[in-house]
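Chains as they are written, first to last, in our numbering: chain A, 1 to 277; chain C, 1001 to 1172.
Here the structure comes first, spelled out in structure tokens, and everything after it is commentary.
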């Protein structure tokens, strides 16, 4: 017994190392599989509010860019206004609109923490469950899709961006509506994505636009990027192609959380069909 | 003694601040990302007891993790770093030759010792960090190039900060 004690005190550095290392690895692996360790997370109120404070200063640096972007978006929205169209019928009649029901609602949010240079990237935004954000909602910005919400607290949420190993979104070619899905490219380039599983009948061209399909979290037709390289796997049934992403993830400032009003209804119906099979 | 505590506390806050708000945004071609905060563990005094060393490494790792959204990742790497530090110092330094609690800084230990010290420790830390982050040996080549380039960047910053706070009086 005494010999054992002497042994342990003599090599105490090693045994202490084992204890601490095992403890930290448990924390790491547990977080990785369940995304549960919410108390040391940047949606935590302390780090979240610190990031928000620093972001206030940083916003001044990009004021000019933001103004340009807002002006562009204003111009685009103005083009869709009724007043910018010429009215060529004289007799107006009122229509009580019962055909259209609003399906998507947008919640504007500011990015307060962001990364692009790791293998799994997350974005923290300053809107949470108090403002109606919920887990699983899609996130877009004025240029294209950004990712989906994976964790929500009262005032902040964490978004798993498209630049993440597990991100996979339904996409289609803008011209002939051929569907596939979009992923981040294998070489960790924040400007590149890969579109996979497009049917061989589609004849994609370099420069063609890729948009969302409307099958998943996003409304149909939100831009994703442009095809920049067509490399097909030989012998396969499907086409893969490289896509240059429309969004520059390294300077995201404002994003919109997409609230699909019919999401739960659709998910419930599809789950029922799966259960019946 | 109390002076050394205050100095290290200040160093902790400043290094975490620099790491989280400045260096987090810096990366060269997505390959080379500096992790300067390990300088805190490198510069703890020689006399620090092993247990305290592990606790401090654990705390700074957890603090950086909280800002990087990766609970446990930096903590594990920092604990390994503390272990390598104990072994490296026990091999290369005779403990009885010191009187007033010196720290392993560039100005006290000289360039050659400090350079190997920071290079070896940084390499171990970065290697463990990047392999644990990727968690996949199929991307070994990419991970290795990230380890090497990031280590060079970090050591470069460590040497620069060593020269910045160089005190020529202390050298004998």
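Note that CB positions come from ideal geometry on N, CA and C, so glycine has one too.
Nearest CA to the CA of residue i: which residue from the options?
i: residue 117(A); options: 164(A), 244(A) and 105(A); result: 164(A)
i: residue 126(A); options: 69(A), 55(A), 171(A) and 177(A); result: 55(A)
i: residue 1088(C); options: 1149(C), 1073(C) and 1123(C); result: 1123(C)
i: residue 17(A); options: 1167(C), 1106(C), 1051(C) and 1161(C); result: 1051(C)
i: residue 266(A); options: 192(A), 198(A), 21(A) and 217(A); result: 217(A)
i: residue 230(A); options: 209(A), 204(A) and 247(A); result: 204(A)
i: residue 135(A); options: 73(A), 275(A) and 258(A); result: 258(A)
i: residue 132(A); options: 124(A), 50(A) and 155(A); result: 155(A)
i: residue 1044(C); options: 1032(C), 1119(C) and 1006(C); result: 1006(C)
i: residue 1166(C); options: 1130(C), 1046(C) and 1111(C); result: 1111(C)
i: residue 245(A); options: 210(A), 180(A) and 78(A); result: 210(A)
i: residue 60(A); options: 264(A), 253(A), 120(A) and 276(A); result: 253(A)
i: residue 1046(C); options: 1090(C), 1142(C) and 1130(C); result: 1090(C)
i: residue 1029(C); options: 273(A), 215(A) and 190(A); result: 190(A)
i: residue 238(A); options: 3(A), 49(A), 195(A) and 124(A); result: 195(A)
i: residue 1074(C); options: 1144(C), 1026(C) and 1132(C); result: 1132(C)
i: residue 1119(C); options: 1027(C), 1147(C) and 1017(C); result: 1147(C)
i: residue 57(A); options: 1008(C), 1145(C), 1021(C) and 1141(C); result: 1021(C)
i: residue 1017(C); options: 201(A), 50(A), 166(A) and 212(A); result: 50(A)
i: residue 1127(C); options: 1117(C), 1144(C) and 1019(C); result: 1144(C)
i: residue 66(A); options: 214(A), 121(A), 255(A) and 268(A); result: 255(A)
i: residue 62(A); options: 268(A), 250(A), 277(A) and 174(A); result: 250(A)
i: residue 1064(C); options: 1019(C), 1102(C), 1108(C) and 1084(C); result: 1019(C)
i: residue 1013(C); options: 1094(C), 1135(C), 1040(C) and 1138(C); result: 1040(C)
i: residue 1125(C); options: 21(A), 192(A) and 109(A); result: 21(A)
Would you please state the rounded distance, in angstroms, between the beta carbons of residue i and residue j? I believe it to be under 8 Å.
i: residue 261(A); j: residue 105(A); result: 7 Å
i: residue 243(A); j: residue 144(A); result: At roughly 11 Å, the Cβ-Cβ gap does not stay under 8 Å, so residue 243(A) and residue 144(A) are not in contact.
i: residue 150(A); j: residue 139(A); result: So it is not a contact: roughly 10 Å between Cβ atoms.
i: residue 1163(C); j: residue 1106(C); result: 7 Å
i: residue 1061(C); j: residue 31(A); result: Going by Cβ atoms, the distance from residue 1061(C) to residue 31(A) rounds to 14 Å, so no, they are not a contact pair.
i: residue 220(A); j: residue 199(A); result: 18 Å between Cβ atoms; not a contact.
i: residue 152(A); j: residue 129(A); result: 5 Å
i: residue 1149(C); j: residue 1032(C); result: 4 Å
i: residue 1042(C); j: residue 1104(C); result: 7 Å
i: residue 48(A); j: residue 124(A); result: 7 Å
i: residue 212(A); j: residue 170(A); result: 7 Å
i: residue 181(A); j: residue 197(A); result: 6 Å
i: residue 1083(C); j: residue 13(A); result: 7 Å
Which of the three DSSP states, helix, strand or coil, is assigned to residue i?
i: residue 195(A); result: strand
i: residue 110(A); result: strand
i: residue 1(A); result: coil
i: residue 189(A); result: coil
i: residue 1009(C); result: helix
i: residue 28(A); result: helix
i: residue 164(A); result: strand
i: residue 152(A); result: strand
i: residue 1041(C); result: helix
i: residue 1033(C); result: coil
i: residue 104(A); result: strand
i: residue 216(A); result: coil
i: residue 1027(C); result: coil
i: residue 200(A); result: coil
i: residue 67(A); result: helix
i: residue 234(A); result: Caution applies to residue 234(A), whose pLDDT of 49 falls short of 50 and renders its modelled position unreliable; the model cannot decide the point.
i: residue 74(A); result: helix
i: residue 117(A); result: coil
i: residue 131(A); result: helix
i: residue 46(A); result: helix
i: residue 265(A); result: helix
i: residue 1157(C); result: helix
i: residue 58(A); result: helix
i: residue 274(A); result: helix
i: residue 92(A); result: Its pLDDT being 42, under 50, residue 92(A) is placed unreliably in this model, and the coordinates cannot settle the point.
i: residue 1072(C); result: coil
On the DSSP bridge assignment, give the partners of residue i in chain order.
i: residue 223(A); result: 211(A)
i: residue 302(A); result: Residue 302(A) lies beyond the stretch modelled for chain A, which goes from 1 to 277, so this question has no answer here.
i: residue 241(A); result: 195(A)
i: residue 184(A); result: 193(A)
i: residue 125(A); result: 111(A) and 157(A)
i: residue 254(A); result: 110(A)
i: residue 138(A); result: 148(A) and 258(A)
i: residue 229(A); result: 242(A)
i: residue 22(A); result: Residue 22(A) is not bridged to any residue.
i: residue 179(A); result: 172(A)
Requested in this report: Report yes or no: do the segment 1053-1064 of chain C and the segment 1076-1083 of chain C share at least 3 C-beta pairs separated by less than 8 Å?
Outcome: With the cut-off at 8 Å, the segment 1053-1064 of chain C and the segment 1076-1083 of chain C touch.
Query raised in the report: So, do the segment 1148-1157 of chain C and the segment 1025-1044 of chain C have three or more beta carbon pairs nearer to each other than 8 Å?
Result: Three or more beta-carbon pairs separated by less than 8 Å link the segment 1148-1157 of chain C to the segment 1025-1044 of chain C, which places the two stretches in contact.
Query raised in the report: With a cut-off of 8 Å, do at least 3 Cβ pairs link the segment 107-115 of chain A to the segment 184-193 of chain A?
Result: Remark: fewer than three beta-carbon pairs, one from each stretch, lie closer than 8 Å, so the segment 107-115 of chain A and the segment 184-193 of chain A are not flagged as touching.
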